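*Asks:* Numbering (the working numbering), first residue to last: 26 to 256.
Below you will find the structure I want to go over with you.
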Ligand code: AMP
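Structure (structure tokens):
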């Protein structure tokens, strides 16, 4: 497992914004006159996009491929691998659109494309909602190109990422305990997550995340309105 970098920029997104990127990808596919028969959504990041693309493009064949590359927020393992294969017969002889949320190294989507091609699919094309310029792979369709690297916190991953980010800042700042305001301060300092941006994208979610962290035993109460990492 790679070391968790202590400081990296994050961008918090919301459903409307991401839905707009799904529509943009669908528009590109239509403009290109590509008519896939089945969408392969990479689990877990590509599921929402895969489902929306089926709706936009009028498809009822959606299947999934689980790739494994990341083990936590911004924590990468080695090569992406196929964790769960696709059901027998799901792509054989069919034109396929493979979709994921974001290409960072590009390893997951390019590995997935090769895997689908090996299963005797027809034409195979790829799409990602977002593309970082670190990617060595260029998908056929891209919703948005990001010039600067950031960890994108997607709405379907909000709690998981915030739990990782908040435990990371608590470890790094090394205080006895933290108020919610202090945690917001460190999110801005270490990850460029400003309070106003977080509240616009995901209003009133911090108390929910802290309660969930307490429920999972990641943090514990340390007096009124104060939290610390659990032992
Ligand atoms: P990669 O194989 O490096 O292109 O990574 C692709 C997968 O890792 C995506 O499906 C995402 O779920 C996750 N991922 C990688 N980088 C990021 C990032 N900067 N922000 C959010 N998710 C990411």
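Cβ atoms here follow ideal geometry from the backbone N, Cα and C, with glycine treated the same way.
The model shown is predicted, which means the values in this text are computed figures rather than measured ones.
On the DSSP letters alone, give me the boundaries of the beta strand (DSSP E) that residue 166 sits inside.
*Replies:* Counting along the chain, the beta strand (DSSP E) containing residue 166 begins and ends at 166 to 171.
*Asks:* For residue 180, name the three-state secondary structure that DSSP assigns.
*Replies:* Residue 180: helix per DSSP, three-state reduction.
*Asks:* Apply the 10 Å Cβ neighbour rule to residue 153 and answer buried if 16 or more other Cβ atoms are within range, or exposed otherwise.
*Replies:* Buried, by the Cβ-count rule.
*Asks:* Please classify residue 226: is it buried, with 16 or more other beta-carbons within 10 angstroms of its beta-carbon, or exposed?
*Replies:* So residue 226 counts as buried.
*Asks:* If the criterion is Cβ atoms closer than 8 Å, does the pair residue 194 and residue 186 meet it?
*Replies:* No, these two residues do not count as a Cβ contact at 8 Å.
*Asks:* Considering Cα atoms alone, identify which of 117, 248, 163 and 121 is closest to residue 133.
*Replies:* Nearest option by C-alpha distance: 163.
*Asks:* Relative to the C-alpha of residue 78, which candidate in 93, 54 and 94 has its C-alpha closest?
*Replies:* When only C-alpha atoms are compared, the closest one is 54.
*Asks:* Based on Cα-Cα distance, which residue from 175, 244 and 46 lies nearest to residue 37?
*Replies:* Among 175, 244 and 46, the Cα nearest to that of residue 37 belongs to 175.
*Asks:* Between which two residues does the alpha helix (DSSP H) carrying residue 213 extend?
*Replies:* Note, residue 213: alpha helix (DSSP H), 205 to 216.
*Asks:* How is residue 200 classed by DSSP in three states: helix, strand or coil?
*Replies:* Correct three-state label for residue 200: coil.
*Asks:* Regarding residue 134 and the ligand AMP, is the C-beta to nearest heavy atom distance less than 7 Å?
*Replies:* Yes, the Cβ of residue 134 comes within 7 Å of a heavy atom of the ligand AMP.
*Asks:* Which stretch, first to last residue, makes up the alpha helix (DSSP H) that contains residue 143?
*Replies:* From DSSP, the alpha helix (DSSP H) with residue 143 extends over 132 to 143.
*Asks:* Once DSSP output is grouped into helix, strand and coil, what is the label at residue 75?
*Replies:* Residue state, collapsed to three classes: helix.
*Asks:* Considering Cα atoms alone, identify which of 94, 75 and 212 is closest to residue 107.
*Replies:* Nearest option by C-alpha distance: 94.
*Asks:* Within 10 Å of its beta-carbon, does residue 74 have 16 or more other beta-carbons around it, so buried, or fewer, so exposed?
*Replies:* Result: buried.
*Asks:* Under three-state DSSP, which class holds residue 226?
*Replies:* The answer is helix: DSSP assigns residue 226 an H, G or I state.
*Asks:* For residue 144, does the count of other Cβ atoms within 10 angstroms reach 16, so buried, or fall short, so exposed?
*Replies:* Per the 10 Å Cβ criterion, buried.
*Asks:* Give the DSSP bridge partners of residue 160, in chain order.
*Replies:* According to DSSP, which records beta bridges pairwise, residue 160 is partnered with nothing at all.
*Asks:* What is the DSSP secondary structure of residue 115, reduced to helix, strand or coil?
*Replies:* Looking at residue 115 - three-state DSSP - the assignment turns out to be coil, as it is neither helix nor strand.
*Asks:* So, are the CB atoms of residue 64 and residue 127 less than 8 Å apart?
*Replies:* Cβ distance not < 8 Å, so residue 64 and residue 127 don't count as in contact.
*Asks:* Identify every residue that forms a DSSP beta bridge with residue 146.
*Replies:* Bridge partners of residue 146: 117.
*Asks:* Quick one: is residue 236 buried, meaning 16 or more other Cβ sit within 10 Å of its Cβ, or exposed?
*Replies:* When all chains shown are included, residue 236 counts as exposed.
*Asks:* Based on the DSSP output, what are the partners of residue 91 in its beta bridges?
*Replies:* Answer is 68 and 109.
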